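Taking this note's numbering, I'd label the letters of the sequence shown as residues 36 to 441.
By construction, the Cβ of each residue, glycine as well, lies at the ideal position given by its N, Cα and C atoms.
The structure presented is a predicted model; accordingly, all values stated were derived computationally and were not measured.
Written below as C-alpha cells is the structure these notes are about.
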Amino acid sequence: MKEIGRREFIRTGTLAGLGFGLGALGSAASSVPNQPRVRRYSRLGLTGMQISDISFGADRLSSGQEDLVQHACDLGINYFDTAETYREGDSETALGRALRGKRHRIFLASKTLAWPDTSKQAMMQALEGSLRRLQTDYLDVYFNHAVNDLDRLKNPEWYAFVEAAKRQGKIRFSGISGHAGHLRESLEYAIDSGKFDVILCAYNFGQDPLFYQRFLGGFDMVARQPDLPLILKKAKHHGVGVIVMKTLMGARLNDMRPYERGGATYAQAAFRWVLSNPDVDGLIVSMTTREAIDEFVSASGVRSVHAEDLPLLHRYARKNGASYCRHACNECEDSCPAGVEISDVMRTRMYAIDYRDPRMARAEYAMIKHNAAACLSCGAKPCAGACPNGLKIAELTAPTHQLLVS
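Written out as C-alpha cells, the structure reads:
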C-alpha cells in the first residue's frame, strides 16, 4: 500500500488518477494492524505533555461504562477529555471512578463555561466540583469551554482565576475550546494573548480548503474556512498545543460501511486526513464502544493520507454535505432578524441525528440563548440562501426545535 504525504499528493496530482469512481473505491485498502494500539505520542505545544495522537472524548460517557476507559488505557490512550456539562456531570464521575489508581500515568482535561460576567470565585467553584467528581486534586488542562464570543475571553476574571488555580496546583495548563460561531476570531485572540497553553477546536477534512479547492476542484461545496489551517499553524508557531475534535464531519459512520474495503474504515480515513496536518498534535473522538475504540486506535501512528482514503471521504462529503453545518462557518449569522443562533442549533441537530444521542442534544440545546423557537412561526424565510454550502436552514432548524424541546 502506497502512502502519500499531503504536500506530495498535491504536487504529483495523484488524485486525478483515482477518478473518484467505484473502481477507486474497490482498490486495495490500507492494511489495518492486527492488534490495535496507540502507535504515536505527540508533544502538546510547550506543555511537555506527550499525548496519544488519538485520544478519548468522554462527552458521551456515563456511569456503568467505566470498562471503556479501562479498554482505552489498555490500548495506550493516555489523554482523556471531559467537561462539567457532559451528562450533567456524570461523565466526570464515571471517568473519576475508571481512572482510580491510574492518575499518575494519564493526562486529564476538563472544561467550564466561563461567561463574560462569571466571577473568579464561581470559576473556582466549578473547578473544585470537577476535581471532586474526577477524584483528583489537579487537572492537566482546564478549558474555557465552547467559546463563541470574544467578550468571554476579555473577562479579566478568567485570567485571575487561571493564575490562582495554577498557583494552587489545581490546574497545570489552561485552554480554550470552540466549535461554533466566531471560532476564528476567538482562537486568534487566545493565541495572540499569550495566555493560553492549548486550543481545542473543530477541524475535519470538510473544513480544509485543500480538500475542496485543491483536491475536488469542481466540487460544488466550497470550503468556507480558509483561515482555519493558518490559525492552527500560528498556534504551532507560538508553542500553543493543538487538539482537534469533530473530525468525522458528523459521524454518520454506518452510512459508509457498504463502501469500506480491506478493513480500512471511513473513520480511519478521516483521522489520517486530520493527522496528516503537521500543525495538529492530536485529536479527541467520542468513544462509546470497545469496537469503536479498536477501530479508531487502529489509525494511530499515521501522518499521511492513503490513496484509498480520498474516494471514501469524497463519497461521504457528497452523501452528507446537504445536511452538515460546517462548524464556525457562521456565514448565516446575520440573516435571522430574531437572532437565532443557527450554527449552535445545527450543532445540536448533529448530536441528535448523526450521533443518535438525544440526551446530549437536549442538554446542549437547552443552553442556547436564542434557539430555533422563532423558526416555527417564520414565514418570510430570511435565511433562505444564507448558507454558502447550500443547507436549507429553515427546513432543518424548525424540526430541530420540535425534536429537542419535546
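Opening and closing residue of the beta strand (DSSP E) in which residue i lies
i: F231; result: Looking at the DSSP string, F231 is not in any beta strand (DSSP E), and its letter there is neither H nor E.
i: T147; result: 142–147
i: D116; result: 114–116
i: L265; result: Not the beta strand (DSSP E): L265 falls in the alpha helix (DSSP H), residues 263–272.
i: R207; result: 206–213
i: D175; result: 174–179
i: S77; result: 76–78
Start and end residues, alpha helix (DSSP H) containing residue i
i: A419; result: Where A419 is concerned, there is no enclosing alpha helix (DSSP H), given that its DSSP letter is neither H nor E.
i: P354; result: In the sequence as displayed, the identity of residue 354 is Lys instead of Pro. Segment 344–355, the alpha helix (DSSP H) holding K354.
i: I388; result: 377–388
i: I403; result: Unbroken run through I403: none, as it is neither H nor E.
i: Q446; result: Residue 446 lies beyond the range of the chain shown here (36 to 441); nothing can be said about it.
i: Q303; result: 301–310
i: V332; result: 325–332
i: R187; result: 185–188
Option nearest residue i by Cα separation, candidates the options
i: M385; options: P434, C367, A409, A373; result: P434
i: Y294; options: P346, V320, P151; result: P346
i: S165; options: E127, V320, R382; result: E127
i: G374; options: A409, S209, C360; result: A409
i: L81; options: R207, S90, I328, G420; result: R207
i: I278; options: I86, Q70, K137; result: I86
i: C418; options: P393, A401, E376, M395; result: E376
i: D184; options: G131, R168, G213; result: G213
i: L110; options: Y390, L431, I328; result: I328
i: I135; options: T171, Y121, T120; result: With the sequence shown as reference, residue 135 is identified as Arg, and Ile is not the correct amino acid for it. The shortest Cα separation from R135 among T171, Y121, T120 belongs to T171.
i: K427; options: K269, E399, C367; result: C367
i: H405; options: D392, C422, V380; result: V380
i: D273; options: R122, D227, R292; result: Reading the sequence as shown, one finds His at residue 273 and not Asp. Per the Cα distances, D227.
i: E159; options: R202, R307, A133, D125; result: The amino acid occupying residue 159 in the given sequence is Met; Glu does not appear at that position. Closest by alpha carbon: R202.
Residue i (DSSP reduced to helix, strand or coil)
i: L431; result: helix
i: L130; result: helix
i: Q100; result: coil
i: L318; result: strand
i: G203; result: Note that residue 203 corresponds to Gln in the displayed sequence, not to Gly. Coil at Q203, not helix or strand.
i: V197; result: helix
i: Q85; result: strand
i: G124; result: helix
i: V277; result: strand
i: S90; result: strand
i: V73; result: coil
i: V440; result: helix
i: T396; result: Per the sequence shown, the amino acid found at residue 396 is Ala instead of Thr. The answer is helix: DSSP assigns A396 an H, G or I state.
i: H217; result: coil
i: A225; result: helix
i: A373; result: coil
Buried/exposed call for residue i, threshold 16 Cβ in 10 Å
i: E100; result: Glu is not the amino acid found at residue 100; the sequence shown has Gln there. Buried is the call here.
i: L162; result: buried
i: V440; result: exposed
i: T300; result: buried
i: M280; result: buried
i: R187; result: buried
i: F250; result: The predicted model places F250 with a pLDDT of 46, which falls under 50 and marks its position as unreliable, so this point remains unresolved.
i: T444; result: Here the chain covers residues 36 to 441 and nothing more, so residue 444 does not appear.
i: T324; result: exposed
i: K205; result: buried
Checklist entry - Is the number of C-beta pairs between the region 137–152 and the region 177–189 that are closer than 8 Å three or more? => result yes
Checklist entry - So does the region 336–345 actually touch the region 103–114, counting three or more Cβ pairs closer than 8 Å? => result no
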